[in-house]
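**Student:** Mind having a look at this structure? Questions to follow.
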Amino acid sequence: MLWLLLAAIPLAALAQTATPSGETLERLVKEAHTKFKNEMSGKNADYIPYLASVPSNLFGVVIVTVDGKAYGAGDVDYGFAIESVSKPFTAALVMQESGTDVILKKIGVEPTGMPFNSVIAVELLKNRSVNPLVNAGAMASVSLVKAGSAAEKWDKLLACYSRFAGEKLSLNEEVYKSEAASNDHNKGIAELLKSYDRLYADPLETCDVYTRQCSVNVTAKQLAVMGATLANGGVNPVTKERCLDAKYVPKLLAVMMMAGFYDESGLWAWHTGLPAKTGVGGGIVAIVPGKMAIVGFSPPLDEAGNSVRAGKALYYIANQLDLSLFGSGK
Ligand code: GLU
0 MLWLLLAAIP
10 LAALAQTATP
20 SGETLERLVK
30 EAHTKFKNEM
40 SGKNADYIPY
50 LASVPSNLFG
60 VVIVTVDGKA
70 YGAGDVDYGF
80 AIESVSKPFT
90 AALVMQESGT
100 DVILKKIGVE
110 PTGMPFNSVI
120 AVELLKNRSV
130 NPLVNAGAMA
140 SVSLVKAGSA
150 AEKWDKLLAC
160 YSRFAGEKLS
170 LNEEVYKSEA
180 ASNDHNKGIA
190 ELLKSYDRLY
200 ADPLETCDVY
210 TRQCSVNVTA
220 KQLAVMGATL
230 ANGGVNPVTK
240 ERCLDAKYVP
250 KLLAVMMMAG
260 FYDESGLWAW
270 HTGLPAKTGV
280 GGGIVAIVPG
290 KMAIVGFSPP
300 LDEAGNSVRA
310 GKALYYIANQ
320 LDLSLFGSGK
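With numbering that gives the first Met the number 0 as the guide, the letters of the sequence shown map in order to residues 0 to 329.
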């Protein structure tokens, strides 16, 4: 009887659900690193002075699976500024505290097709804050975190990121000072949102907490554990701590699929079919639900703000393993 049942399951479907072996993952991170370490295009972000000073040759690739195993190549232990890769984790905290309707109604979930810090998007689009993965929506997310003071809000955010990473994360003071001295544009966005009643706390305090969240230091390995927690339905695969209710994870991943790659989100979805988030510090995390997270880190960025080497490494691994969520397995 059992063989009849097994015969009814197409082999390709089995292949699609299986997590690749440890040897395969180990080989692929090394191959991706070797293949793209001499890629010289792109340049470090320089609108935040600190980021321009990070060595451009740094490059790390890591996979962490949902059973907590890590496979890495290159600079996987270098601490870099998380920047916008923090945004889904703040949205996760808002969901955990207040549910998903708040995100839908008070922020929005539509991609903008415009740069991550676009004021025009705030002016043109009815939702104003647009989605939690652009600066406007990310500050709206910060403003929705429940706390009696900005200091408490910041503590809650850092504790949340640390739970996802399974390690205590900290603020990179140098990055924070550099960003705080050059974040007038973000202050402007916060004030503008407030004028449209789409920011739910004091604009300058909110912008400061947001600037801190972007200045958190992570290594590629820590970021991959954060991503693997989302791949694992909200439970950290290393510490086994639940960081987000499983019912919220698909919603968060849907926003990452639509808006995680700045205004190249369509291109990224086309090439990989995976939810992801990138940051101007050079980090990218891609989530393969039920299987793993793949992280690349390298400072030089393309025009949209995405790390060139990290993006190429992730494309390569995703395609070698045929990871697109849109595949039928046939
Ligand atoms: N702190 C950066 C900013 O607000 C984050 C940008 C990013 O990584 O997309 O401009």
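Glycine included, every Cβ here is placed at the ideal spot set by N, Cα and C.
1) Quick one: grab the DSSP three-state call for Tyr70.
2) List, from N- to C-terminal side, the alpha helix (DSSP H) runs of 4 residues or more that fit wholly inside the segment 181 to 225.
3) Using 7 angstroms as the threshold, is the C-beta distance between Thr111 and Lys290 below it?
4) With distance defined between alpha-carbon atoms, name the residue in Val60, Thr64, Ala44, Ser323 nearest to Ala227.
5) With DSSP as the reference, identify every bridge partner of Ser169, one or two as the case may be.
6) Quick one: grab the DSSP three-state call for Leu300.
7) Compute the Euclidean distance between the alpha carbons of Asp45 and Ala164, then round it to the nearest angstrom.
8) With DSSP collapsed to three states, give me the class of Pro52.
9) Could you say if the segment 78 to 97 and the segment 209 to 227 meet the contact criterion of at least three C-beta pairs nearer than 8 angstroms?
10) Expressed to the nearest angstrom, what Euclidean distance is found between the alpha-carbon atoms of Gly272 and Asn185?
11) Considering only the beta carbon of each residue, do Ala120 and Ser128 sit closer than 7 angstroms?
12) For Gly136, which residues of its own chain have a beta-carbon under 6 angstroms away from its beta-carbon, when the five flanking residues on both sides are left out?
13) Just curious, the beta strand (DSSP E) that Thr89 is in, first and last residue?
14) Pick out whichever of Leu143, Gly282, Ser327 has its Cα sitting closest to the Cα of Pro202.
15) Taking contact to mean 3 or more Cβ pairs, one atom from each stretch, closer than 8 angstroms, check whether the segment 240 to 250 and the segment 156 to 175 are in contact.
16) Name all residues in chain order for which at least one heavy atom of ligand 1 lies closer than 6 angstroms to the residue's CB.
17) Using only CA atoms, which one of Asp321, Ser85, Trp267 lies nearest to Ser169?
18) Hey, out of Pro299, Leu198, Tyr77, Val294, whose CA is closest to Val101's CA?
19) Please check the pair Ala80 and Gly280, which I expect to be a contact at CB under 8 angstroms, by giving their CB distance rounded to whole angstroms.
20) Let's see if you can read the secondary structure: which residues bound the alpha helix (DSSP H) around Val141?
21) From the DSSP output, in three-state form, read off Ala80 for me.
22) Quick test of your reading: Ala230 and Phe296, contact by CB under 8 angstroms. State the CB separation rounded to the nearest angstrom.
23) If you reduce the DSSP assignment to three classes, tell me which class Arg308 lands in.
24) I'd like the span of the alpha helix (DSSP H) that includes Gly59, first residue to last.
25) Let's test the definition: count the other Cβ atoms within 10 Å of the Cβ of Thr33 and tell me whether it reaches 16, buried, or not, exposed.
26) Are Ile283 and Ser306 closer than 7 angstroms when you measure CB to CB?
27) Name the one or two DSSP bridge partners that Gly295 has.
28) Contact check, Ala312 vs Phe35 under 8 angstroms by CB: the rounded distance?
**Tutor:** This is what the structure holds:
1) strand
2) 183 to 194, 202 to 213
3) no
4) Thr64
5) Asn216
6) strand
7) 27 angstroms
8) As written in the sequence, residue 52 is Ser, which differs from the Pro given in the question. In the structure shown, Ser52 sits in coil (DSSP, three-state: anything other than H, G, I, E or B).
9) yes
10) 31 angstroms
11) no
12) Ile106, Ser128, Val129, Asn130
13) That residue, Thr89, is in no beta strand (DSSP E); its alpha helix (DSSP H) goes 86 to 97.
14) Leu143
15) yes
16) Glu82, Ser83, Phe115, Asn116, Asn134, Glu178, Asn185, Cys213, Gly278, Val279, Gly304
17) Ser85
18) Leu198
19) 4 angstroms
20) 134 to 143
21) strand
22) Their Cβ separation, rounded to whole angstroms, is 18 angstroms, which puts Ala230 and Phe296 out of contact at 8 angstroms.
23) helix
24) It is not in any alpha helix (DSSP H) - Gly59 instead sits in the beta strand (DSSP E) that spans 59 to 64.
25) exposed
26) yes
27) Val60, Ile283
28) 5 angstroms
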